[in-house]
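For reference, the structure discussed in these notes is given below.
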Amino acid sequence: MARKRLITAINEALVEELERDPKLIVFGEDVELAIMGDTRGLVERFGRDRIRNSPICEQTLTGMAVGLASAGYRVVLHLMFNNFIYTGMDAIGNQMAKLRLMTGGQMELPITVVAGYGGGNSNAAQHSDTAYSVLMNLGGIQVAVPTNSADAKGLFKTAVRGATPTFFLEAAGRGGEMGEVPDGEHLVPFGRATVAREGTDVTVVAIGRMLKPTLRAAKALADDSISAEVIDPRTLVPFDEETVLASVARTGRLVVVDEARDRCSAASQIAAVVADRGFDSLRAPVRRVTVPDVALPYASNAEAALIPGPERIAEAVRSVTEKQFA
Amino acid sequence: MATPRTDVREPAVDDATARTLHERMLLIRRAEERLIVACADGSLPGGVHLYIGEEAVAVGACSVLTDRDYITSTHRGHGHFLAKGGDLDAMFAEIWGKATGICKGMGGSMHVADVSKGILGANGIVGAGFAIATGAAWGARLEGEGRVATCFFGDGAANQGSFMESMNVSAAWELPTVFLCENNGVSEFTVTSTVTGGVLADRARAFMPVEVVDGNDVLAVRAAVGAAVERARAGGGPSYVEATTYRIRGHLEAEQHMLGGGTYRSADEIAAWQADDRDPVLRSARRLLDAGICDAAELERIDADVRARVEAAVAFAEAGPAADPELAPQLMFGPTA
Chain A
1 MARKRLITAI
11 NEALVEELER
21 DPKLIVFGED
31 VELAIMGDTR
41 GLVERFGRDR
51 IRNSPICEQT
61 LTGMAVGLAS
71 AGYRVVLHLM
81 FNNFIYTGMD
91 AIGNQMAKLR
101 LMTGGQMELP
111 ITVVAGYGGG
121 NSNAAQHSDT
131 AYSVLMNLGG
141 IQVAVPTNSA
151 DAKGLFKTAV
161 RGATPTFFLE
171 AAGRGGEMGE
181 VPDGEHLVPF
191 GRATVAREGT
201 DVTVVAIGRM
211 LKPTLRAAKA
221 LADDSISAEV
231 IDPRTLVPFD
241 EETVLASVAR
251 TGRLVVVDEA
261 RDRCSAASQI
271 AAVVADRGFD
281 SLRAPVRRVT
291 VPDVALPYAS
301 NAEAALIPGP
311 ERIAEAVRSV
321 TEKQFA
Chain B
1001 MATPRTDVRE
1011 PAVDDATART
1021 LHERMLLIRR
1031 AEERLIVACA
1041 DGSLPGGVHL
1051 YIGEEAVAVG
1061 ACSVLTDRDY
1071 ITSTHRGHGH
1081 FLAKGGDLDA
1091 MFAEIWGKAT
1101 GICKGMGGSM
1111 HVADVSKGIL
1121 GANGIVGAGF
1131 AIATGAAWGA
1141 RLEGEGRVAT
1151 CFFGDGAANQ
1161 GSFMESMNVS
1171 AAWELPTVFL
1181 CENNGVSEFT
1191 VTSTVTGGVL
1201 ADRARAFMPV
1211 EVVDGNDVLA
1221 VRAAVGAAVE
1231 RARAGGGPSY
1241 VEATTYRIRG
1251 HLEAEQHMLG
1261 GGTYRSADEI
1271 AAWQADDRDP
1281 VLRSARRLLD
1291 AGICDAAELE
1301 RIDADVRARV
1311 EAAVAFAEAG
1321 PAADPELAPQ
1331 LMFGPTA
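Going down the list, the protein sequences come from chains A and B.
FYI, the numbering for the first sequence is 1 to 326, going by my numbering.
FYI, the numbering for the second sequence is 1001 to 1337, going by my numbering.
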C-alpha cells in the first residue's frame, strides 16, 4: 500500500498497461503535456508513435478510435472534458455503442475514453457537465466514475484490458485527492459497488464526485442518530443493482445523490430500478438529490448553490427518515 | 464538379484481369437487379440503397487491394462488399434478415461488414467512414506492413466536417488513407451542386495529391486508385481520388412512394447515363469484345453464370433460419478482463 493522488494512480495504471501491451495507443487532446496530469510523462517514456497529441476535432478523434481499434489496437482516447463528447457524438453513439451488435459480433472495440466531468471549479456550463446520463442510454458503452485512487487504478486497468468501449470519467478537481493504492497487480471489476460507510436507517447511493459531500452529510446525520449507509457504485454501466437492493432491503429507504441534471439522470435510473425490483422494501418515497434542470453558471456562489452539498443531502435523508408509508 | 482528366493513359491489364473486373461488376449489377425484385415483392424486411451505375468504382478500386487492406463503405455498400471479396450468400442472407447473414441479421443491407476481409462495414451514417478509415490507416502505419485504408464516400458526405478533419489528420501524420469520392451528383434526394460551395477536389488539394477520373471506366479507376495505393504503401501519405459517376436507382428503392410525386432529377438525365457508352458494365463488355478478349457467346456465358450465382444466393438467403432475437443483448458488450 502507498498513498497516491488519484491522478497519479491513473498515470501508474497507464504506464503498467503500456508496458504490458505494445498495441496500446494513447492519443487525444494535449496528452503529451496533460493538463490533468493523468498522461504526463508518457510520451518521453513510450514515444510519439504510442502517445500522441491530436488535432482538436472530436468528431474525427472518436471515429479514429473506432478505426484504430478495428485495426487491432487497444485505444485510450483523451477528450479532456466530457462536454467535448458532444462534438464527437456520432462515433460514440452510432459507432462505438452499436458496431459490435451491428456486425454480428465481428468487431471488438477495446476503447477507453478518458475525460473530466463535473462542476465546482467555475469552468462554466460548457466544461462542467456530468455527461454519464447521456452515455448510459446509448447501448454498448460502459461508464466508470471512480472516487478514490485505488479504484481509479483498478477500474482503469480493467477498462483498458476489456473489449468494450468504456468512458472513464475523472472528477474534475480530484487530481489532488490522496488515497491508498494496493501494490502490484490491482484490477477492480466493473459492476461491483462498494459500501463506503455502513448504516442501518437509510441507503444513500452517491455517484462519483458526490461521494465526498455525502460522507460529510452522513457524519453530520450520525450526530443526530441517523445512520446512513453510503454506497459508491463505481461503475454506472454495468450497475450493481444487487448491492443497492440488498441495502434498501435492510434500510427501507433510498436517497440517490447525483451531480447530473435531474431529468433522466443516473439517479432517475437507480430510483426506477429500486421502484421496480425493491418496492416491497421501501418504507418511504425515494428521493433524488441532483442538479436542477439548468446549466451550471460560472460564478462560484451561483454554481455552489446548484450542486448537491452536505446540507441538501442531509436534508433529503432527514425527509425520508421522517416519512413512513402506512 | 471537376472535369475528369482524359490525359491519363490507362495501363493495360492482362486478359484475365479484364475478364475478372467485368465479372465482378456484373455480379454487383445482377445481384442488385435481383434486390429490386425482392424489395418490390416484399421479401426484404428493410430498405436497400442500390449501387447500380457505380460498379466500376468499387471494382476498379478493390482490384488493387488485398484482404489485408481496410475499406470503409457507405450506406450504399453492397458493391464495395462484393468487390472487396465479401460473400454474396452471406450478404443476401443479411439483407433477408437471417441468422446466416454476415452480421447474423443484426446489421442489414446498410451495414454489411466482413472484418476478416478488411471490410470495416457499410455505415448508415453519411460520412462516418472518414474517421474510421483514418484510424485504421493510423493502425496500418504503426504496424508498418504496407496496408492501406480506403474510404469510399459520396459527394453528399463530402459536406460533413469530418471530411476536412480526417484529411487533415491523414496529411499531418502521413497516413496511408485513400479518400475515394464517388461523385454521383446527388446527396440523398438533393442535387449536390445546390448545397455545395466550390469544387470538392479543391478541398482535398489543400492536403494531398488529387486525381479526378471517369468513375464509369473501371480501368481508369483502377489506375488512379492503384497509384494512390502504391504511394500510400510506400509511406507517401494519403491521396484523394474522385470518381465521376451516376446513381441510376433512387437514394433507396421505392423512394417514389416517399417523395409525394416530387422529383429531383429528370428521366432523360438518368437515361443518358444508361447509354451504351456511359454505363460501366456495358462499356466493359464492349471493351472485352473490341479487344477480342471475349466473344459475344462468352459474355453471354459469363452473364448466365453470374445470374445462376445470384439465384443460388437468393435460395441460400431464403432457406436460412430467422435471426435470433436473443442474440442482441448478448452482442452489446465484449468480454471483460
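All C-beta atoms in this analysis are idealised placements derived from N, C-alpha and C, irrespective of residue type, glycine included.
- By the Cβ test, the segment 1150-1160 of chain B is in contact with the segment 1119-1139 of chain B, since at least three Cβ pairs between them sit closer than 8 Å.
- Within the model, the alpha-carbon separation for Val248 of chain A versus Ala218 of chain A is close to 16 Å.
- Scanning the segment 224-269 of chain A for uninterrupted beta strand (DSSP E) segments of 3 residues or longer gives 228-232, 235-237, 254-261, listed from N- to C-terminal end.
- In chain A, no part has a C-beta under 9 Å from the C-beta of His1078 of chain B; the shortest such distance is about 16 Å.
- In the assembly as shown, Asn1183 of chain B is a buried residue. Its beta-carbon has 16 or more other beta-carbons within 10 Å.
- Shown here, Ser70 of chain A sits in a helix according to DSSP, grouped into three states.
- In the three-state DSSP reduction, Arg48 of chain A falls in the coil class, being neither helix nor strand.
- One finds Phe1333, Gly1334, Pro1335, Thr1336, Ala1337 in chain B with Cβ atoms closer than 9 Å to the Cβ of Gly162 of chain A, taken in chain order.
- Rounded to the nearest whole angstrom, the C-alpha separation of Asn53 of chain A and Asn148 of chain A is 27 Å.
- Looking at the backbone, the Cα of Ser70 of chain A and that of Val114 of chain A are separated by about 19 Å.
- A:Asp151 is the residue among A:Val204, A:Gly47, A:Asp90, A:Asp151 whose C-alpha sits nearest the C-alpha of Ile7 of chain A.
- If you check each beta-carbon in the segment 1121-1133 of chain B against every beta-carbon of chain A, the ones closer than 9 Å belong to Gly1121, Asn1123, Gly1124, Ile1125, Gly1127, Ala1128, Gly1129, Phe1130, Ala1131, Ile1132, Ala1133.
- Residue range 1055-1062 is occupied by the alpha helix (DSSP H) that includes Val1057 of chain B.
- Secondary structure note for Val1281 of chain B: its alpha helix (DSSP H) is the uninterrupted segment 1280-1290.
- Taking the CA atoms as reference points, Glu322 of chain A sits about 35 Å from Leu135 of chain A.
- Taking a cut-off of 8 Å on C-beta distances, the segment 1098-1114 of chain B touches the segment 100-109 of chain A, as three or more cross pairs fall below it.
- The beta carbon of Ala1090 of chain B is closer than 8 Å to those of Thr1100, Gly1101, Ile1102, Asp1114 in its chain, skipping five residues each way along the sequence.
- The segment 1223-1283 of chain B is shown to contain whole beta strand (DSSP E) runs of 3 or more residues at 1239-1244, in chain order.
- Using a Cβ distance threshold of 8 Å, Met36 of chain A and Pro182 of chain A do not count as a contacting pair.
- Annotation note: the segment 102-162 of chain A contains the following uninterrupted beta strand (DSSP E) runs of length 3 or greater, listed N- to C-terminal: 111-117, 142-144.
- Ala1232 of chain B is positioned such that its CB atom lies closer than 8 Å to that of Pro1176 of chain B.
- Three or more Cβ pairs drawn from the segment 298-306 of chain A and the segment 118-132 of chain A lie within less than 8 Å of each other, which places the two stretches in contact.
- If you ignore the 5 residues before and after Phe46 of chain A, its C-beta comes within less than 6 Å of the C-beta of Leu18, all in its own chain and listed in chain order.
- Excluding five sequence positions before and after Leu68 of chain A, the CB atoms of its chain that fall closer than 7 Å to its own CB belong to Ile25, Val75, given in chain order.
- Inclusion of Ala171 of chain A and Gly208 of chain A in the CB contact set at 8 Å is warranted, their separation being smaller than that value.
- Using a Cβ-Cβ cut-off of 9 Å, Asn1168 of chain B is close to Pro55, Cys57, Thr60 of chain A, given in chain order.
- DSSP, read as helix, strand or coil, puts Lys1117 of chain B in helix.
- Taking a Cβ-Cβ cut-off of 8 Å, Met1091 of chain B has no neighbours in chain A, whose nearest Cβ is about 12 Å from it.
- With respect to Leu1200 of chain B, Glu1242 of chain B sits close: the two C-beta atoms are nearer than 8 Å.
- From the beta-carbon of Thr103 of chain A, the residues of chain B found nearer than 8 Å are Cys1103, Met1106, Gly1107, His1111, Ala1113, Val1115, Gly1121.
- DSSP, reduced to helix, strand and coil, places Thr164 of chain A outside both helices and strands of the structure shown, so it counts as coil.
- Taking 9 Å as the upper bound on Cβ-Cβ separation, chain A lies near no residue of the segment 1217-1242 of chain B.
- Taking a cut-off of 8 Å for Cβ pairs, the segment 1024-1039 of chain B and the segment 1191-1206 of chain B do not touch, as fewer than three such pairs fall below it.
- For Thr1150 of chain B, the enclosing beta strand (DSSP E) begins and ends at 1149-1154.
- Distances from the alpha-carbon of Trp1173 of chain B to those of B:Asp1014, B:Gly1139, B:Thr1190, B:Ala1056 put B:Gly1139 closest.
- Residue-level contact check: Leu1142 of chain B touches chain A, since one or more beta carbons of chain A fall below 8 Å from its beta carbon.
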